[in-house]
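To keep things clear, I will list the structure first and then write my remarks on it.
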């Protein structure tokens, strides 16, 4: 009888040991599975973070390049315009821009055998009226620098000036008999900052060595 109880006790202990071992294996397996899932989750988050960071970096780089390209294009355009303006100023330093003046410009003569005035209607084409007897259509031409001898408006002294702006007569509006009236005129900015008009010497009372000398007329 005692042997029977002893055998039963032994079997019971063995069964408990087996159950405990199984439970431990299950716990270990579950722990291993949870650890594996945790690693996968962590790696997935790290991968997502890395991709997001790389995407942000690429977007930032693209924006920076676009901004730089746009700025370079603007700078190039400004530089081109400045260069063109500088070339024009250097090539035609004595040119007059009539767009900076009013719709009508009148220049007055002083002396004998000359018209009272020349009036320029600042339109397109220009209308140039010489006194009350003649009027012409004309155009503004920018020409290579030209030296002209003139009788100064203030003292009739002869001096040489340089011009780049020529008023070229193109069509007679009012007929007249004076052949000098259809000859071209010139404009330049004088030392006082005013505008001077150069016309033919309508009086004509000069010696042969002064036949080329023209008249300066002021507003």
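Numbering (my numbering), first residue to last: 87 to 305. Virtual Cβ for every residue (Gly too), placed ideally from N, Cα, C.
_Count Cβ pairs between the stretch 207-221 and the stretch 240-248 that sit closer than 8 Å; are there 3 or more?_
Touching, no.
*Where residue 269 sits in the DSSP three-state scheme*: Looking at residue 269 - three-state DSSP - the assignment turns out to be coil, as it is neither helix nor strand.
*In or out: residue 175 buried (at least 16 other Cβ within 10 Å) or exposed?*
exposed
*Does the stretch 227-235 come close enough to the stretch 188-205 to have 3 or more Cβ pairs within less than 8 Å?*
no
_Output needed for residue 289: all residues of its chain with C-beta closer than 7 Å, excluding positions within five of it in sequence on either side, in chain order._
Correct list, in chain order: 197, 198, 199 and 200.
*With DSSP as the reference, label residue 263 as helix, strand or coil.*
coil
_Euclidean distance between Cα positions of residue 260 and residue 221_ = Taking the straight line joining both Cα atoms gives about 5 Å.
*What are the boundary residues of the beta strand (DSSP E) that residue 226 is part of?*
From DSSP, the beta strand (DSSP E) with residue 226 extends over 220-237.
*asked:* Considering only their Cβ atoms, is the gap separating residue 177 from residue 239 smaller than 9 Å?
replied: no
*Does DSSP put residue 185 in a helix, in a strand, or in coil?*
helix
_Beta-carbon within less than 7 Å of residue 254's beta-carbon, same chain only, minus the 5 sequence neighbours each way: which residues are those?_
Sequence-distant Cβ neighbours of residue 254 in its own chain, meaning closer than 7 Å and more than five residues away, are 224, 225, 227 and 270.
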